[in-house]
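Colleague: Numbering (my numbering), first residue to last: 384 to 964.
Supplied in structure tokens, the structure appears directly below.
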Amino acid sequence: MASKKPLVPDATSDTQGFRSGLTNYGDAGFSLFLRKAFIKGAGYTDDALDRPVIGIANTGSSYNPCHGNMPQLIEAVKRGIMLAGGLPMDFPTISIGESFAQPTSMYLRNLMSMDTEEMIRAQPMDAIVLIGGCDKTVPAQLMGAASAGLPSIQLITGAMLTGSHRGEVVGACTDCRRYWGQFRAEEIDATEIDEVNNRLVASVGTCSVMGTASTMACIAEALGMTVPGGASPPAVTADRMRVAEATGAQAVEMAKTGLTIDKILTPAAFRNAMRVLLAIGGSTNGIVHLAAIAGRMGMTVDLADLDEMGRNTPVLVDLKPSGAHYMEHFHAAGGMATLLRELKPLLALDALTVTGRTLGEEIDLAGPSFQQDVIRPMDKPIYPQGGIAHLTGNLAPGGAIIKQSAASPALMEHEGRAVVFENLADMANRIDDLNLDVQADDVLVLKSIGPLGGPGMPEAGYLPIPKKLALKGVKDMVRISDGRMSGTAFGTIVLHVMPESALGGPLACVQNGDRIRLSVARREITLLIDDAEMARRMAAVATLRPSAPRGYRKLFLQSVTQADQGVDFDFLQGKPNDPTP
Ligand code: FES
């Protein structure tokens with residue numbers, strides 16, 4: 384088959400497809416000649432190589448069952464790309480499976496975002512399909528794509544199916560925690576907990592509740608970064624495969640029209656995403672990831688703003704851990720179309736989406752509403768305010784958050800005695816000690832699990848109820864830390880305390896027996912000691928930033944920011960540019 388174009392690249396027109404981003408040998412014609420010779424070794428024709436090239440970020444991994452449908456998704460995306468006249472090119476990037484990453488998946492998120500950004504930059508492509516699902520993968524991909532700046536579209540792997548245990552519907556991972564709590568309290572035995580272990584995850588796919596993965600799927604759609612309806616189909620369904628095919632086709636359209644990511648990730652899009660985060664009772668991790676993605680576009684996410692929006696954005700989605708249902712039920716209820724229709728008066732409807740249409744146009748194009756009981760109307764919410772509240776006070780001068788929709792109403796206004804754990808090892812050593820001096824109305828404090836202290840801000844903010852109290856049936860206590868918690872967790876848990884204790888924040892000076900007051904109504908978290916005592920203790924706290932001698936750990940500790948800046952690396956923040964290699 385004859386080449387349609389000469390091999391000598393023309394600087395004015397050859398900026399697309401395989402003719403773009405040539406390897407630097409000092410001779411552009413030779414660079415293209417060599418590139419085509421090698422790719423033809425894989426059997427491609429000149430006709431194929433003259434098409435718009437659509438990269439597909441493949442995050443399949445045996446260590447990531449949340450992405451276990453990757454081969455089928457890639458096949459469907461490729462079908463969509465080819466039906467639309469493009470050439471699909473899939474390539475691997477880092478994949479992070481939440482429970483397989485040590486020390487934490489958050490520690491590796493920025494590395495994945497750098498991999499994604501640099502491989503988009505390095506390889507010739509006109510648009511990119513990002514396939515992710517497990518908690519940190521979608522944020523990492525959106526961060527990387529935001530910095531790379533190409534037309535970009537997100538494909539979600541989709542949620543796992545629910546299972547059943549002794550007649551009860553179960554799914555990861557709210558039920559994982561619930562059953563483990565029952566096992567710790569000796570309410571169920573070793574035989575039953577083993578049985579439950581076989582039932583919680585019924586298929587490949589992401590966690591089936593409104594945890595971080597589902598939250599980020601909904602946020603990606605609210606940002607306009609997925610095709611309409613892209614958030615909710617479960618991983619193993621025909622709907623998910625049709626979304627994948629449509630995603631591939633849309634990527635070709637975006638390449639042809641030059642619909643770059645900066646036209647979609649606008650301030651209006653981030654406000655829509657914050658509304659949705661509040662209305663779904665979404666994971667507290669969602670706000671950290673949104674801040675990181677916004678940071679890549681030179682924007683900030685204001686926690687006080689989020690709190691203000693939360694006062695007139697009720698939780699409408701009745702999914703665990705705030706409610707009762709699972710992602711497959713959210714999908715059957717119409718998914719994001721149903722939710723966005725309800726939220727329409729609160730949304731910036733002129734925000735552009737990957738389809739080239741606005742969010743408002745997409746809401747109008749979605750089918751009519753129908754009777755269902757998973758996504759509530761505005762006048763019958765499952766929680767009257769947004770899921771996340773922003774706290775401040777002398778214990779958290781930089782702010783902290785609480786997922787009020789998943790907290791115990793009786794503990795939202797609470798004063799108690801501090802029981803302090805200096806770090807994770809200290810907690811692990813003592814939490815099950817039946818002689819631990821702890822009572823049900825105490826406040827558990829865990830230090831040194833922030834971005835630097837963890838390092839990587841582990842999801843250890845959901846401190847287990849001390850065994851001594853669990854055995855007496857205590858299910859919730861006020862817990863405070865500078866770490867995160869899983870989006871699938873529940874309880875009266877204050878998180879992301881800033882500045883973190885490893886940076887010398889006031890959390891570092893809390894001592895056993897201090898009194899702490901939480902008032903969600905007043906948005907306050909207060910250590911009840913006088914200013915002079917606080918100043919005396921703060922002067923004694925170490926403020927030396929932790930460091931490491933080499934490698935990624937050194938980079939991480941040198942560069943990681945606090946939770947309000949997304950725990951991103953400081954040198955990755957800011958508007959996309961086009962660095963010359
Ligand atoms: Fe992957 Fe929950 S562990 S989404």
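Backbone N, C-alpha and C define an ideal beta-carbon position, used for all residues, glycine too.
Which residues are close to the ligand FES, meaning CB closer than 5 Å to any heavy atom, in chain order?
Modeller: C449, E481, C517, T589, C590 and A596
Colleague: Leaving aside the five residues before and after Q948 along the sequence, list all residues of the same chain whose C-beta is less than 8 Å from its C-beta, in chain order.
Modeller: Closer than 8 Å at Cβ, skipping near neighbours: A674, A675, G678, T683 and Q956.
Colleague: Quick check on this structure: which residue in T595, I437, N581 and I503 has the alpha carbon closest to the alpha carbon of S705?
Modeller: T595
Colleague: Mapping DSSP to helix, strand and coil, what is R862?
Modeller: Strand at R862.
Colleague: Based on the DSSP output, what are the partners of R898 in its beta bridges?
Modeller: R800
Colleague: What does a CB cutoff of less than 7 Å around D953 pick up in its chain, not counting 5 residues either side in sequence?
Modeller: S942 and T944
Colleague: Between which two residues does the beta strand (DSSP E) containing E907 stretch?
Modeller: First-last of the beta strand (DSSP E) with E907: E907 to L910.
Colleague: Give the C-beta separation of V803 and V700 to the nearest angstrom, bearing in mind that I take them to be a contact with Cβ-Cβ under 8 Å.
Modeller: That belief does not hold up - the Cβ atoms of V803 and V700 are roughly 36 Å apart, past 8 Å.
Colleague: Throw me the rounded Cβ distance for the L538 and V512 pair, which I believe falls under 8 Å.
Modeller: The distance from the Cβ of L538 to that of V512 is about 6 Å, consistent with a contact at the 8 Å cut-off.
Colleague: In whole angstroms, what separates the C-alpha of G527 from that of L817?
Modeller: Cα to Cα, the separation comes out at about 47 Å.
Colleague: Looking only at its own chain, which residues have a Cβ that is under 8 Å from the Cβ of E805, when we skip the five neighbours before and after it?
Modeller: When the five nearest sequence neighbours on each side are left out, the beta carbons in the same chain lying within less than 8 Å of the beta carbon of E805 are those of K830 and S831, in order along the chain.
Colleague: Looking at the secondary structure, which residues open and close the beta strand (DSSP E) in which F474 lies?
Modeller: L470 to P475
Colleague: Could you spell out the range, first to last residue, of the beta strand (DSSP E) harbouring N441?
Modeller: V436 to N441
Colleague: Tell me which same chain residues have a C-beta within less than 7 Å of the C-beta of D961, skipping the five on either side of it?
Modeller: Any answer about D961 is weak, because its pLDDT of 49 lies below 50 and its placement is not dependable; what the coordinates show is given next. Hits under 7 Å: none found.
Colleague: Helix, strand or coil for R602 per DSSP?
Modeller: The question names Arg, but residue 602 in the sequence shown is Ile. Of the three classes helix, strand and coil, the one that applies to I602 here is helix, per DSSP.
Colleague: With DSSP run on the structure shown, which of helix, strand or coil describes A734?
Modeller: coil
Colleague: Can at least three beta-carbon pairs, one atom from the stretch 843-855 and one from the stretch 864-875, be found at a separation below 8 Å?
Modeller: In short, these stretches touch, since the Cβ pair count reaches three.
Colleague: Spatial neighbours of T398 within its chain, please: CB distance less than 7 Å, with the 5 preceding and 5 following residues excluded, ordered by chain position.
Modeller: none
Colleague: Give me the residue from V619, D733, D690 and F416 with the minimum Cα distance to P454.
Modeller: V619
Colleague: Tell me which residue opens and which closes the alpha helix (DSSP H) that H712 is part of.
Modeller: M710 to A715
Colleague: Could you tell me the distance, in whole angstroms, from the CA atom of P967 to the CA atom of K727?
Modeller: Within the shown structure, residues of the chain are numbered from 384 to 964, placing residue 967 beyond reach of any answer.
Colleague: Counting only the same chain and skipping the five closest in sequence on each side, list residues whose C-beta sits under 6 Å from that of H714.
Modeller: Setting aside the 5 residues that flank it on each side, H714 is surrounded in the same chain by S615 and P616, each with a C-beta closer than 6 Å to its C-beta; the list follows chain order.
Colleague: Any contact of the stretch 900-913 with the stretch 775-788, i.e. 3+ C-beta pairs under 8 Å?
Modeller: yes
Colleague: Give me the Cα-Cα distance between L525 and M508, rounded to the nearest whole angstrom.
Modeller: 17 Å
Colleague: Provide the residue span of the alpha helix (DSSP H) that contains P780, from first to last.
Modeller: It is not in any alpha helix (DSSP H) - P780 instead sits in the beta strand (DSSP E) that spans A779 to K786.
Colleague: Whose C-alpha, out of S488, L702, A823 and L729, is nearest the C-alpha of R694?
Modeller: Ranking the options by Cα distance to R694, first place goes to L729.
Colleague: Could you give the residue range of the alpha helix (DSSP H) that holds V521?
Modeller: T520 to A531
Colleague: In the DSSP assignment, what residue or residues form a beta bridge with G546?
Modeller: DSSP lists V553 as partners of G546.
Colleague: Could you work out which residue in A823, G833 and T540 is closest to A853 when comparing CA atoms only?
Modeller: A823
Colleague: Per the DSSP calculation, M881 is bridged to which residue(s)?
Modeller: G782
Colleague: Going by C-alpha to C-alpha distance, which of D815, E691 and A603 sits closest to L648?
Modeller: Ranked by how close their Cα comes to the Cα of L648, the residues D815, E691 and A603 have A603 in first place.
Colleague: Return the chain-ordered list of same chain residues with a C-beta closer than 8 Å to the C-beta of R969, the five sequence neighbours on each side being excluded.
Modeller: Lying outside 384 to 964, the shown extent of the chain, residue 969 is not represented and no answer is given.
Colleague: Mark L466 as exposed unless 16 or more other C-beta atoms lie within 10 angstroms of its C-beta, in which case mark it buried.
Modeller: exposed
Colleague: Give the secondary structure of G739 by DSSP, where H, G and I count as helix, E and B as strand, and everything else as coil.
Modeller: coil
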